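When you read off a place in the sequence shown, starting at 1, and then add 11, the result is the number in my numbering. Each residue gets a CB set at the ideal place from its N, CA and C atoms; glycine is no exception. Only a predicted model underlies this, so the values are computations on that prediction, with no experimental measurement involved. In what follows, a single structure is set out as structure tokens and then discussed.
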Amino acid sequence: MTTMSSGQCIVDTKTCTKCGETKPVSEFHKYKQGVRSICKPCRSEAGSSDRKARNDAYLSDPANREILYESHKRWVANSREHLRKYWLRYYAEHREEILAKQRERRARKRNNNDDGES
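Right under this line is the structure:
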């Protein structure tokens, strides 16, 4: 803790209420009254798990899945030209890698077919 000439105290460290670790104040998000009580990594982890739980709950409803599917179909239909340009550019930049993977896949398939005939 640092004391200013005006008598105010500035806290250099704080203890996270979630993980219990004492960390520098820079590890906490700023808030109206100072800094939050949970450190940045703990808030991030909690946010990720909450977001995943909400998404899973939303997608478990077949009506919501249908809405998303229809929305995606509309997006693809409206973006067809953009997607075509993207994939052409991607193929041009990664042609050798794509062809190598195709050759590997064909060779594996050929080997699996040869094993099955015996």
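Lys63, buried or exposed, once every other Cβ within 10 Å from all chains shown has been counted against 16: exposed
Please report the straight-line C-alpha distance between Asn89 and Arg116, rounded to a whole angstrom. 33 Å
Are Leu79 and Val87 touching if we call contact CB-CB under 9 Å? no
If you run the structure through DSSP and keep just helix, strand and coil, what is Ser48? It is a strand residue.
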